[in-house]
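Here the structure comes first, spelled out in C-alpha cells, and everything after it is commentary.
Number of protein chains: 2
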Amino acid sequence: MKTLTPLNYALLGLLNRAPLTGYEVMQVFQTTPLGGYSSSPGAIYPALKKLRHAGLLTVSGNGASGRGDTLAVTAEGKAMLKAWLLEAPVEGAGVDLPGQMLKFTFTGDMLTKRQQLSFIDRLEKAIDSAISSLAASRDRIRSNLGTHDILAVEAGLLQYRAAADWCALARRELSKGK
Amino acid sequence: MKTLTPLNYALLGLLNRAPLTGYEVMQVFQTTPLGGYSSSPGAIYPALKKLRHAGLLTVSGNGASGRGDTLAVTAEGKAMLKAWLLEAPVEGAGVDLPGQMLKFTFTGDMLTKRQQLSFIDRLEKAIDSAISSLAASRDRIRSNLGTHDILAVEAGLLQYRAAADWCALARRELSKGK
DNA sequence: TGAATCATGTAATAGGTTACATGATTCT
DNA sequence: AGAATCATGTAACCTATTACATGATTCA
Numbered sequence: 001m002k003t004l005t006p007l008n009y010a011l012l013g014l015l016n017r018a019p020l021t022g023y024e025v026m027q028v029f030q031t032t033p034l035g036g037y038s039s040s041p042g043a044i045y046p047a048l049k050k051l052r053h054a055g056l057l058t059v060s061g062n063g064a065s066g067r068g069d070t071l072a073v074t075a076e077g078k079a080m081l082k083a084w085l086l087e088a089p090v091e092g093a094g095v096d097l098p099g100q101m102l103k104f105t106f107t108g109d110m111l112t113k114r115q116q117l118s119f120i121d122r123l124e125k126a127i128d129s130a131i132s133s134l135a136a137s138r139d140r141i142r143s144n145l146g147t148h149d150i151l152a153v154e155a156g157l158l159q160y161r162a163a164a165d166w167c168a169l170a171r172r173e174l175s176k177g178k
Numbered sequence: 001m002k003t004l005t006p007l008n009y010a011l012l013g014l015l016n017r018a019p020l021t022g023y024e025v026m027q028v029f030q031t032t033p034l035g036g037y038s039s040s041p042g043a044i045y046p047a048l049k050k051l052r053h054a055g056l057l058t059v060s061g062n063g064a065s066g067r068g069d070t071l072a073v074t075a076e077g078k079a080m081l082k083a084w085l086l087e088a089p090v091e092g093a094g095v096d097l098p099g100q101m102l103k104f105t106f107t108g109d110m111l112t113k114r115q116q117l118s119f120i121d122r123l124e125k126a127i128d129s130a131i132s133s134l135a136a137s138r139d140r141i142r143s144n145l146g147t148h149d150i151l152a153v154e155a156g157l158l159q160y161r162a163a164a165d166w167c168a169l170a171r172r173e174l175s176k177g178k
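Residue numbers (full-length UniProt numbering), protein chains in the order written: chain A, 1 to 178; chain B, 1 to 178.
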C-alpha cells in the first residue's frame, strides 16, 4: 500500500473529521464540491475496502442512524494523512490548484496554525514559480503563435494570479483566528 | 468509435493545424502547456493508432524531416473536431476551465469569428452560473462549517472570477482583430 | 565505431466509469 | 403489500502511467 490516490486521501480526510458509513461518504461526494474528487459507488466502495484492508480505516460500530457500519481512520491512517498534508507541492510544471485546495481543507483538522501558514507559504512559492514559467513561455511564443494560443496562456496566468491572491486572503484569515 | 477522450480531441486539434509525425506530437505534448493533456508515449501512440483505425487520421506521406510518417486529420476527423468545438459547455456542476481553454485554442483554426465570440459568450454564462451556485453553497455552509472549508470555496470563486475576467479580455482581443 | 537520441511501440498494472445486482428498510 | 430509496457492492470496459523493448540514424 505504498501510494495512495487523491481519492484515497480525500476519503481519509473526510473520515478524519467524523466517522461515516460508506453511503454517507457517497452522499457527501455527490452533493458537495468535494465531489470533484469523483464520485461514483464503483470508485468509492472499492477504495474504502482497500483502505480498510490496508489498515488505514476500521469499522467502528454502528452509526447513529442505526444501519450501516461507520468507518473511522486508524492511527496509521492519520499518520498517512498527515504525511501527505506536509508534503511540499511539486515544483516545476503546473501546480494542481484543486488538489492543493483539497489538502488545505484538511490541514485545519490535523496541523498547527504554524504548519498551516507554512503550507500557504509553500503553495504561494510554487504558484509564483508557475507564473514566472508561464509568463516566460508566453513571451517566447508571442511572435510566432496566434492570438488564441496567447489568450490560452493568458488564461492560465489569470488563474494563477487569482490563486496567489487567495494565498494572501487565506493568510489574513488564518492570522486573524490566530 | 462513438466517444473521444479529451486527449483524442487534443490530438485532432493539434494535427489539424499541421500534420506531424507521432514523435513530433509527443514533443509538443512534453514541452508545451498542452502537455496538461497528458503526455506519455504509452498514451499518445495508442491514441494515434486508434484515431487512425477510426478513420479520423491518415498517414500523409513522409514528413519534411525525412523520417517518420506524418499524420493528418481526415475530413471525418475535422467534422468530429468541429462538432466538439461547437458543443455547449456542460451546465450545472463545475466548469472544466482547462478543458474549455483547450477547446478555445482550436476554435481559431476551425470556427468563424462569430462562432468564436459565441463560444466565449456561452462559456461566460456557464461560469456565471457556476459562480452563483458556489456562492450559494458558501452562504449555506458559512454558519456550520469551519474557516478552511469556506476558504476553499472562496478559492473556487476566485478561480471562476478570474475566468470571467478572461472572457472579457478574450472578447476584446477577438473583436480587435475582427 | 560507439553514444546518443530519434521514432515507434508493447506489457503490466492500476484506477475510474457505467451499469447492473442485491438485500434491507422505510413510506404510502 | 408495493414502491421508493437505503446501502453495499460486483463486472465489463476503457484509459492512462510506468517501464521496458527495439531498430534506425545522426554525431563525436
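Every residue, glycine too, gets a C-beta built ideally from N, C-alpha and C.
B:Ala75 in three-state terms, based on DSSP | helix
Would you mind stating whether B:Ala79 and B:Pro19 have Cβ atoms separated by less than 9 Å?
-> no
Interface residues of chain B facing A:Val90 [CB-CB closer than 8 Å] | Result: empty, since nearest Cβ-Cβ is about 14 Å, beyond 8 Å.
Output, in chain order, the set of chain A residues within a Cβ distance shorter than 9 Å of B:Ser137.
-> Thr32 and Pro33
From B:Gly156 to A:Met101, what distance separates their C-alpha atoms?
-> 9 Å
From the DSSP output, in three-state form, read off A:Val153 for me.
-> Judged by DSSP in its simplified three-state form, A:Val153 adopts helix.
Beta-carbon proximity list for A:Ser137, same chain, < 8 Å, skipping 5 on both sides | Close CB contacts of A:Ser137 within its chain, under the 8 Å cut and outside five residues either way in sequence, are with Val153 (chain order).
Answer yes or no: does any C-beta atom of chain A fall closer than 9 Å to that of B:Ala18?
-> no
Compare the C-alpha of B:Ala44 against each of B:Leu7, B:Asp69 and B:Val59 and name the closest.
-> Looking at the sequence itself, residue 44 of chain B is Ile, so the reference to Ala does not match. It is B:Leu7.
Anyone know if the C-beta pair for B:Lys113 and B:Trp84 falls short of 9 Å?
-> no
Quick one: any contact between the segment 164-176 of chain A and the segment 163-176 of chain B, if contact means 3 or more CB pairs under 8 Å?
-> no
Going by DSSP, which residues form a beta bridge with A:Thr21?
-> A:Thr70
Could you list the residues in the segment 147-178 of chain B with a C-beta less than 8 Å from some C-beta on chain A, going in chain order?
-> Thr147, His148, Asp149, Leu151, Ala152, Val153, Glu154, Ala155, Gly156, Leu158, Gln159, Arg161, Ala162, Ala163, Asp165, Trp166, Leu169, Ala170, Glu173, Leu174 and Gly177
Below-9 Å beta-carbon distance, A:Leu134 vs any chain B residue | yes
Who are A:Leu57's beta bridge partners in DSSP?
-> A:Val73
Is there a Cβ from chain A that is less than 9 Å from the Cβ of B:Phe104?
-> yes
What are the boundary residues of the alpha helix (DSSP H) that B:Leu123 is part of?
-> Lys113 to Ile141
So B:Val25 packs on B:Leu4, CB below 8 Å; how close in whole Å?
-> Under the criterion of beta carbons closer than 8 Å, B:Val25 and B:Leu4 do not qualify as touching, at roughly 16 Å.
Using a beta-carbon distance below 9 Å, is A:Thr107 in contact with chain B?
-> Answer yes: the Cβ-Cβ gap between A:Thr107 and chain B drops below 9 Å somewhere.
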